[in-house]
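The first sequence: position 142 = 181 (the working numbering), numbered continuously.
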Amino acid sequence: MRYVKVALNLPLDQLFRYKVPQKLAAQIKVGKRVLVPFKRRKLVGFVVEEAKEEDFEGLKEVISIVDEFSPLEDDLFRLGRWISDYYCSPLGQTLHAIVSIQYPFKADKGATTRKHLSSYKDVEEPPSFLKEEKVVLFQTENWQERTDLYLELIEKVLSRGKQVILIVPEVSYIPFLKRKIQAHYKNGLSVFHSRLTPKQRYLEWQRMRRGDVELVIGTRSAVFAPFPNPGLIIIEEEESLSHKQREIPRYHTREVAIKRGKIQNFPVVLVSQSPSMESWWQARKGNYKLVEISRGKDNFPLVEIVDLRKEKDRLFSTSLKRSIEKTLKEGELTLLFLNRRGFANFLLCRECGEVLRCPNCNIGLTFHLKGRLICHYCGYEEDAPRICPSCKGRHLYQVGVGTEQLEMEARKKFPEARIRRADLDIIDTSLAYRKLLDELGKIDLLIGTGLIIKEEILQRAKLVGVVLLDNLLNLPDFRAGEWTFQVLTKIRNLIKKEGRLIIQTYNPTHYALTAIREGRGELFYEKEMDLREELGYPPHLHWTRILLEGRGKGEVEEVAERIRKELEAERVNFLGPSSCPFGRIKRRYRYHLILRDKDPARLREILKRKLYLLFKHFHNVRVIIDVDPLRTM
DNA sequence: AGCACGCCGACT
DNA sequence: GTCGGCGTGCTC
Numbered sequence: 040m041r042y043v044k045v046a047l048n049l050p051l052d053q054l055f056r057y058k059v060p061q062k063l064a065a066q067i068k069v070g071k072r073v074l075v076p077f078k079r080r081k082l083v084g085f086v087v088e089e090a091k092e093e094d095f096e097g098l099k100e101v102i103s104i105v106d107e108f109s110p111l112e113d114d115l116f117r118l119g120r121w122i123s124d125y126y127c128s129p130l131g132q133t134l135h136a137i138v139s140i141q142y143p144f145k146a147d148k149g150a151t152t153r154k155h156l157s158s159y160k161d162v163e164e165p166p167s168f169l170k171e172e173k174v175v176l177f178q179t180e181n182w183q184e185r186t187d188l189y190l191e192l193i194e195k196v197l198s199r200g201k202q203v204i205l206i207v208p209e210v211s212y213i214p215f216l217k218r219k220i221q222a223h224y225k226n227g228l229s230v231f232h233s234r235l236t237p238k239q240r241y242l243e244w245q246r247m248r249r250g251d252v253e254l255v256i257g258t259r260s261a262v263f264a265p266f267p268n269p270g271l272i273i274i275e276e277e278e279s280l281s282h283k284q285r286e287i288p289r290y291h292t293r294e295v296a297i298k299r300g301k302i303q304n305f306p307v308v309l310v311s312q313s314p315s316m317e318s319w320w321q322a323r324k325g326n327y328k329l330v331e332i333s334r335g336k337d338n339f340p341l342v343e344i345v346d347l348r349k350e351k352d353r354l355f356s357t358s359l360k361r362s363i364e365k366t367l368k369e370g371e372l373t374l375l376f377l378n379r380r381g382f383a384n385f386l387l388c389r390e391c392g393e394v395l396r397c398p399n400c401n402i403g404l405t406f407h408l409k410g411r412l413i414c415h416y417c418g419y420e421e422d423a424p425r426i427c428p429s430c431k432g433r434h435l436y437q438v439g440v441g442t443e444q445l446e447m448e449a450r451k452k453f454p455e456a457r458i459r460r461a462d463l464d465i466i467d468t469s470l471a472y473r474k475l476l477d478e479l480g481k482i483d484l485l486i487g488t489g490l491i492i493k494e495e496i497l498q499r500a501k502l503v504g505v506v507l508l509d510n511l512l513n514l515p516d517f518r519a520g521e522w523t524f525q526v527l528t529k530i531r532n533l534i535k536k537e538g539r540l541i542i543q544t545y546n547p548t549h550y551a552l553t554a555i556r557e558g559r560g561e562l563f564y565e566k567e568m569d570l571r572e573e574l575g576y577p578p579h580l581h582w583t584r585i586l587l588e589g590r591g592k593g594e595v596e597e598v599a600e601r602i603r604k605e606l607e608a609e610r611v612n613f614l615g616p617s618s619c620p621f622g623r624i625k626r627r628y629r630y631h632l633i634l635r636d637k638d639p640a641r642l643r644e645i646l647k648r649k650l651y652l653l654f655k656h657f658h659n660v661r662v663i664i665d666v667d668p669l670r671t672m
């Protein structure tokens, strides 16, 4: 009798053993999907290893085999084991994320023609940097450079009979890129992302597996494209936070791509206008090859930094106002960037000092026009009161500025201008976004949040005003400086080169601003790295965050304390426990501890040996392990 | 995760 | 007296 261990799509670090019935014995092997009985359910799982016959009575039998092919070849299986180990995610859930297709949909047989990849000859030389380097970090300034680069790389790799994976941060990036590339490669192109229907997903996946596809463009899960012979992965906007999966397994696509490249022996190209500190640091140490394509700072637009402490008008400094007037006269587009929607950030009672907060999240409620108070975290809404709920005071101050108020002020100041606002309250569908793009030619002044920091919008702007940089710079996360630098770099690189970037701030001497003004990114990276080193932040140290969420404050605190005690016995470097910067979201209290070490393996070892056992006993507290977290708010 | 078992409140 | 609330426990 044969027995196998099966990994199920459950949040359990456990494998389950099943008997292999005689009639299935010939087909069952590691990497195959099987249907198994589980309690009163039937679940799909992966055969992970053969099991020895043991003194375990009552093993159930495998019901059937799901696919005739093997959905998880050896290399991807190894990758899955690595992800499961590195990111502390259950193997079953990890493998199910890698093979993200459901039950077989019948493909039209014969509809596709199989290409004979083996008939390609290894005649063309790969670009020289791809020969000796495993990871290349490409720093470019615009789309044209990047698409040219992609086309060249793709061609070289395809000519050697290998396939290419191109990863973008979000689905919305795909149509534009697809159009550019389609002109060159029509048949062997596939698109793969989470918004495909299960059937489309299945069919695309099969096309890739059979060798009918040479190039796939997709989001995170495309990193697991089941190509017979992958030759290159390109990661577009490698610094984007979207590359990190928010659900289990919480992997970073960039790191997974690099690991896959190591396993299957192919290079990985990271592309960015302003690399993440992580990638910059790797390049700095010589682990990645850095290739810069730059027009040189003489071709940058003018950058002006306005010290708001010396201005009378907190929204429109003299200089910004003058520049807008000039740009309006020229009939060119102005963008005003303000990273906060709504009218005012919060309402403050002048008599008792209380701020009106969300009952679920304890975060200041944002004041919107039409007199509504809205929580930007959970969506809670209420009518704004006239008098303070805690002291009955009559003077509720609107503190801080949002895009609504900026729009109102702009309409007063520039009555003839055609003004539009673009934030999540207005651009709530991809259709609305499309419409905005179509109508861009009929807009003089576009006011928006992060939504407008896109190449297709920025490239049409002559003037960009960053209304209040401090909103970004002062976010409660140690990466706030890095994010700020990245946003400013993007704006500077992408707007018209004869244009102007005006940055208004109360902190005009910040090193990110110096670096932007002088067009010398290294000033930012060097200084930021010094700080990260001094304070024990990534990438100098690896972090693993243990996030605890629960309805009862006391319970969460108790759990946090127990973990603290365990960690203290381990003599590991850690922060906390402390309340998260956003200490309560959707009625759940949030506490975290942050483990730090140069060697991430040490942190994993502690988690697995000690804490896992402990986690089992917490009931009303959810434990979230985030390895290499990108946000710690 | 999901699904059952289990022991306490308002209902025909 | 029952229907059902969701706490906790287990799944090869």
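For every residue, glycine included, the Cβ atom is placed at its ideal position computed from N, Cα and C.
Cβ separation of residue i and residue j, assumed to be a contact under 8 Å, to the nearest whole Å
i: residue 378; j: residue 488; result: 6 Å
i: residue 281; j: residue 528; result: Not confirmed; about 18 Å, so no contact.
i: residue 85; j: residue 134; result: 5 Å
i: residue 624; j: residue 416; result: 5 Å
i: residue 334; j: residue 180; result: 6 Å
i: residue 287; j: residue 128; result: 5 Å
Status (buried if at least 16 other CB within 10 Å, exposed otherwise) for residue i
i: residue 384; result: buried
i: residue 296; result: buried
i: residue 468; result: exposed
i: residue 163; result: Per-residue confidence for residue 163 stands at a pLDDT of 40, beneath the threshold of 50, marking its modelled position as unreliable; the derived number appears in the next sentence. Answer is exposed; the Cβ neighbour count stays below 16.
i: residue 183; result: exposed
i: residue 53; result: exposed
i: residue 152; result: Only weak support is given to the placement of residue 152: the predicted model assigns it a pLDDT of 41, under 50, and the value that follows is read from those uncertain coordinates. Answer is exposed; the Cβ neighbour count stays below 16.
i: residue 543; result: buried
i: residue 332; result: exposed
i: residue 108; result: exposed
i: residue 668; result: buried
i: residue 532; result: buried
i: residue 510; result: buried
i: residue 91; result: exposed
For residue i, the first and last residue of its enclosing alpha helix (DSSP H)
i: residue 677; result: The question about residue 677 has no answer here: the residues shown for the chain are numbered 40 through 672.
i: residue 221; result: 213-221
i: residue 362; result: 357-369
i: residue 651; result: 651-654
i: residue 473; result: 469-478
i: residue 119; result: 113-125
i: residue 421; result: That residue, residue 421, is in no alpha helix (DSSP H); its beta strand (DSSP E) goes 420-422.
i: residue 131; result: 130-137
i: residue 237; result: 237-249
i: residue 571; result: 560-574
i: residue 258; result: Looking at the DSSP string, residue 258 is not in any alpha helix (DSSP H), and its letter there is neither H nor E.
Segment limits, beta strand (DSSP E) that includes residue i
i: residue 555; result: First-last for residue 555: 550-557, but that is the alpha helix (DSSP H), not the beta strand (DSSP E).
i: residue 675; result: Coverage of the chain is limited to positions 40 through 672, which leaves residue 675 absent and any answer about it impossible.
i: residue 229; result: 228-231
i: residue 334; result: No beta strand (DSSP E) holds residue 334; DSSP gives it neither H nor E.
i: residue 178; result: 174-178
i: residue 498; result: First-last for residue 498: undefined, no H or E at that position.
i: residue 614; result: 612-624
According to DSSP, residues forming a beta bridge with residue i
i: residue 388; result: 435
i: residue 101; result: Paired residue(s): none; residue 101 is not in a bridge.
i: residue 542; result: 344 and 505
i: residue 57; result: 43
i: residue 487; result: 376 and 461
i: residue 588; result: 629 and 661
i: residue 603; result: Residue 603 is not bridged to any residue.
i: residue 517; result: Paired residues: none, contrary to the question.
i: residue 271; result: 203
The ligand HEM heavy atom lying under 8 Å from the CB of residue i
i: residue 69; result: Ligands in the displayed structure: none, and consequently the ligand HEM is not present.
Counting pairs of Cβ atoms below 8 Å between the segment 251-265 and the segment 213-226, do you hit three or more?
yes
Pair every Cβ in the segment 500-511 with every Cβ in the segment 361-379, then say whether three or more of these pairs are closer than 8 Å.
By the Cβ rule, the segment 500-511 counts as touching the segment 361-379, because three or more pairs are nearer than 8 Å.
Decide yes or no for the touch test of the segment 531-547 against the segment 340-360: beta carbon pairs closer than 8 Å, at least 3 of them.
yes
Say whether the segment 405-424 touches the segment 480-487, bearing in mind that this needs 3 or more beta-carbon pairs closer than 8 Å, one atom from each stretch.
no
For the segment 440-449 and the segment 345-357, state whether three or more C-beta atom pairs, one from each stretch, are separated by less than 8 Å.
These segments touch.
Should the segment 394-411 be regarded as contacting the segment 605-615, the criterion being three or more beta carbon pairs within less than 8 Å?
No: the two stretches stay apart, fewer than three of their Cβ pairs being nearer than 8 Å.
Any 3 or more C-beta pairs closer than 8 Å across the segment 103-113 and the segment 72-84
yes
Cβ contact check for the segment 200-213 and the segment 221-236: 3 or more pairs under 8 Å
Taking one beta carbon from each stretch, the segment 200-213 and the segment 221-236 have 3 or more pairs nearer than 8 Å; the two touch.
Should the segment 560-574 be called in touch with the segment 616-630, which here means at least 3 C-beta pairs below 8 Å?
no
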